[in-house]
Amino acid sequence: MSPAESTDQVVVERRDAVLIARINRPDARNALNGTVLRGLGAAVLTAETDPEIRALVLTGTGDRAFCAGMDLREFSDGSGKHAESPEERSALEAYARMASGRTPVPVIGAANSTAVGGGLELLMGCDVIVASAAAKFGLPEVKRGLFAAGGGTGIGTRIPLGIALELLLTGQLIDAERAERIGLVNAVAAPADVLDTAVALSTTVAANAPLGLAASKELARLAVTDDAAATERLKHWQTAVFASADAAEGARAFLERRTPRWQGK
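The sequence shown maps to residues 1 to 265 in full-length UniProt numbering.
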């Protein structure tokens with residue numbers, strides 16, 4: 001697969017200096033699996049290496065979800081976790097840069113619908129977010145015996161800490177109106193206008209100097225996220241929580257449509 005090639009699960013489109021990457025798994029609520037991660041990463045690589053592309057827009061197919069987060073079926077059975085080729089590894093590394101806000105390319109999120117868990121974490125990697133008026137947002141990992149380890153615990157760098165803790169500890173969702181009010185998203189548009197609004201904003205961004213954009217983005221993010229102690233604690237809790245019995249139980253209960261039976265271990 002060449003970097004900008006569309007697949008059945010990630011559709012790539014170019015509009016002048018803007019590259020659009022659309023998650024195309026509507027039947028799975030656009031959940032993230034290995035194929036999607038690699039496809040998005042390939043789009044990031046294209047945006048990073050093609051000098052004619054100055055901005056990247058991320059969106060999803062349909063009106064049910066922007067992204068439902070991790071594909072729990074893959075998490076439960078262990079499939080799709082490993083990249084086998086250098087090209088796949090490079091794509092996954094590019095995805096990680098984008099999801100953590102470290103790609104120098106400006107990234108605009110077009111939340112066509114609800115973004116939860118890893119889907120919201122993906123949006124948090126975006127520099128600016130345009131949301132559908134019908135969208136909802138949340139970090140429900142604690143309801144599955146996990147925590148928002150893919151960047152969600154850093155949501156307090158975008159919104160007030162008290163509200164961040166509310167979302168992290170309750171696992172409940174908020175609507176687009178509240179998300180805009182607290183600063184989680186930058187703008188709300190009618191569902192049919194979300195992508196065009198995001199592309200228009202991206203076009204405005206893309207008209208600016210690439211080096212200035214890259215410097216502005218990196219330095220602005222470093223000003224609020226450079227915390228070595230938090231990084232070390234994240235590693236500790238990733239090992240402790242994701243290998244726990246409760247993590248496995250949360251995935252099983254979700255797939256079996258029942259209430260989880262937590263053990264606290």
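Don't be surprised by glycine CBs; every beta carbon is placed ideally from N, CA and C.
At the level of alpha carbons, what is the spacing between residue i and residue j?
{"i": "Q238", "j": "G150", "result": "9 angstroms"}
{"i": "L165", "j": "R158", "result": "12 angstroms"}
{"i": "R22", "j": "G118", "result": "16 angstroms"}
{"i": "G222", "j": "A228", "result": "The identity of residue 222 in the sequence shown is Leu, whereas the question assumes Gly. Whole-angstrom Cα-Cα distance: 12 angstroms."}
{"i": "A247", "j": "P260", "result": "10 angstroms"}
{"i": "F66", "j": "F254", "result": "20 angstroms"}
{"i": "W262", "j": "L123", "result": "29 angstroms"}
{"i": "T197", "j": "S132", "result": "10 angstroms"}
{"i": "G250", "j": "L211", "result": "44 angstroms"}
{"i": "K128", "j": "L184", "result": "The question names Lys, but residue 128 in the sequence shown is Val. Approximately 9 angstroms between the Cα atoms of the pair."}
{"i": "S2", "j": "A134", "result": "Legend: pLDDT at S2 = 49, less than 50; position of this residue unreliable, no value from coordinates given."}
Please state whether DSSP places residue i in a helix, a strand or coil.
{"i": "F137", "result": "strand"}
{"i": "G109", "result": "strand"}
{"i": "I129", "result": "strand"}
{"i": "A215", "result": "helix"}
{"i": "I174", "result": "strand"}
{"i": "A65", "result": "coil"}
Nearest to residue i by alpha carbon, out of the options?
{"i": "R64", "options": "T103, A42 and A111", "result": "A111"}
{"i": "L169", "options": "R73, R14, E141 and A176", "result": "E141"}
{"i": "R89", "options": "R38, G118, G119 and A207", "result": "R38"}
Taking residue i and residue j to be in contact with their CB atoms under 8 angstroms, please state how far apart those CB atoms are, rounded to whole angstroms.
{"i": "L58", "j": "G109", "result": "5 angstroms"}
{"i": "A31", "j": "G60", "result": "At roughly 10 angstroms, the Cβ-Cβ gap does not stay under 8 angstroms, so A31 and G60 are not in contact."}
{"i": "T203", "j": "D16", "result": "7 angstroms"}
Counting only beta-carbon separations shorter than 9 angstroms, does residue i have a partner in chain B?
{"i": "G125", "result": "The displayed structure is made up of one protein chain only, and chain B is not part of it."}
For residue i, count the other beta carbons within 10 Å of its own beta carbon; 16 or more makes it buried, fewer makes it exposed. Which is it?
{"i": "A190", "result": "exposed"}
{"i": "K136", "result": "buried"}
{"i": "P106", "result": "buried"}
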